[in-house]
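Asks: Note that the working numbering has the sequence shown beginning at 24, numbered continuously upward.
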Amino acid sequence: MYVTRVTRHVHADPSVVYRALTDPAAVALWRVPDGMTARVHTFEPREGGAFRVSLTYEEGGGTGKSGGRTDTYRGHFARLAPGSLVVEVLAFETDDDRLGASMTLTTTLTPAGGGTDVEILHEGVPDAVRARTTSGAPAWPSTGSPGCWRNGRTGYMTGSARSEAGNRRNLFRLAACPESSGNHRNHPCRNVVLPAISGRDQPVHHETGGTRHMSVRSRTTLFTALALAAGLSLAAVTPALARPATARTTAVAQGDARNATQHVADFYGAYIDAVWATDDKAAGADAKALRAFYLSAAAQKKVAAYETREHADGILFAQNVPVRWQVAYTGSGAGHATSQVTLTWSDGPHAEVTRIDVQSDLHTLKITDLKPAD
24 MYVTRVTRHV HADPSVVYRA LTDPAAVALW RVPDGMTARV HTFEPREGGA
74 FRVSLTYEEG GGTGKSGGRT DTYRGHFARL APGSLVVEVL AFETDDDRLG
124 ASMTLTTTLT PAGGGTDVEI LHEGVPDAVR ARTTSGAPAW PSTGSPGCWR
174 NGRTGYMTGS ARSEAGNRRN LFRLAACPES SGNHRNHPCR NVVLPAISGR
224 DQPVHHETGG TRHMSVRSRT TLFTALALAA GLSLAAVTPA LARPATARTT
274 AVAQGDARNA TQHVADFYGA YIDAVWATDD KAAGADAKAL RAFYLSAAAQ
324 KKVAAYETRE HADGILFAQN VPVRWQVAYT GSGAGHATSQ VTLTWSDGPH
374 AEVTRIDVQS DLHTLKITDL KPAD
């Protein structure tokens, strides 16, 4: 058996991250690897409370540990400390003795940097459960592939979440049903990713008392047998749990179709709109179409390469969705204009902010380059 340890920073309050860990609907969304769907059969988030979850490979996917294409695990919550600790004891339902050992999953939440440092310690992982690392060593399959990212813009050259009440309806519909089921593979909540993921070293293996340990601090993380998402995909769910149920409006919105910076603002506003619209089936296609329209072919290629390499959204340079945005003109020359996009990731006086430098062609108004600001 061996141990994995994953540490990440999530841009949300510990109480919000805790809810994502103990909400059956949230778990069904973020604790799912690529190429699988989740079904939450039982979930009782109290000390001693039971849970049972099935993860099923798509047609043509892998072979399940519990038979057919399904991995089913069951267990109980050994300890719950709201806002700080979740301890789960679990095991796969399997006839294979090599896979059925009891495992302990300890998730520790620590307030830090306006968000939460999250450490996930997975002890007792059977050796028969393979791992895969970014360096080619064994590791867990990665998830959180870029797919749909979007949100809403309101106001001139600035924006905020389009609807605080309705953007995550699917999440709360699932939360009302303990027998949560369905195909969440294409749900935008699973694909968005959060900014400033901490940890960049490669996994390290060592032996301690007959148990092989794997310490993980890499941008493309390991996965535990419970499909812990790369860089903690639960961060994609936390904004929905934290958001108040009130919509916001603006008195005046205007634009200029001839202005390069306006085009950047239009793109980021519409793109973030698309990421927020989790219950709109057309949203993923909308986001793709927006890229094709506003970005040059070279910029699209660069974004795609970044997403393949970093498993993050190459437009937002993040694994989450901002709640507000702003675009400012920063200069021009040699046939290009430059703008800076400011993304705000939460509400409150100490909200984290990231910035992106964007270059546009003054003739075509296409975005020709974009990168995180220095």
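Positions of the beta carbon are idealized from the N, C-alpha and C atoms, including for glycine. Every value quoted in this text rests on a predicted model; they were computed, and no experiment measured them.
(1) Looking at C-beta atoms only, is the number of pairs between the region 311-320 and the region 381-397 that lie closer than 8 Å three or more?
(2) Would A73 pass as a contact of T65 if the rule is Cβ separation under 8 Å?
(3) Going by other Cβ atoms of all chains shown within 10 Å of its Cβ, with 16 needed for buried, is Q285 buried or exposed?
(4) Taking the alpha-carbon of T353 as reference, which of G123, A51, V33 and A283 has the nearest alpha-carbon?
(5) Who are the Cβ neighbours of S9 in its own chain at under 8 Å, not counting the five residues just before and after it?
(6) Below 8 Å CB to CB, which residues in the same chain sit around A315 once its five sequence neighbours on both sides are set aside?
(7) Can you find the residues in the same chain that come closer than 6 Å, C-beta to C-beta, to A101, ignoring five residues on each side of it along the sequence?
(8) For the beta strand (DSSP E) that contains R28, what are its first and last residues?
(9) Of the choices D46, W299, P47 and T387, whose alpha-carbon is the least far from that of R347?
(10) Extract the residue ranges of the beta strand (DSSP E) inside the region 329-378, only unbroken runs of 3 or more that lie entirely within it.
(11) For a test of the three-state rule: what should DSSP assign to D309, helix, strand or coil?
(12) Can you tell me the Cα-Cα spacing of P68 and R28, whole angstroms?
(13) Sort out for me which residues DSSP pairs P149 with in a bridge.
(14) Measure the alpha-carbon distance for K56 versus A43 and round it to whole angstroms.
(15) Taking the alpha-carbon positions, what's the G98 to E116 distance?
(16) Between the Cα of V350 and the Cα atoms of D380, P372 and G147, which residue gives the shortest distance?
(17) Does the distance from the C-beta atom of E375 to that of G147 stay below 8 Å?
(18) Give me the Cβ distance between V152 and T30, rounded to the nearest whole Å; I'm assuming they're in contact under 8 Å.
(19) Cα separation between A5 and H386?
(20) Let me check understanding here. Comparing Cα to Cα, which of S383, F340, G356 and T127 lies closest to L366?
(21) Report yes if the C-beta distance between H22 and V33 is below 8 Å; otherwise report no.
Replies: Concretely, from the data shown:
(1) yes
(2) yes
(3) buried
(4) A283
(5) Only positions 24 to 397 of the chain appear in the structure, and residue 9 is not among them; the question remains open.
(6) Q323
(7) V110 and V112
(8) Y25 to V33
(9) W299
(10) 347-356 and 359-367
(11) helix
(12) 23 Å
(13) None, per the DSSP bridge assignment.
(14) First, the residue type needs correcting, since residue 56 is Pro and not Lys in the sequence shown. Using only the alpha carbons, I get a separation of about 17 Å.
(15) 10 Å
(16) D380
(17) no
(18) Not a contact, Cβ separation roughly 21 Å.
(19) A question about residue 5 goes unanswered here, because the residues of the chain that appear run from 24 up to 397.
(20) F340
(21) The question about residue 22 has no answer, for the chain in this structure spans 24 to 397.
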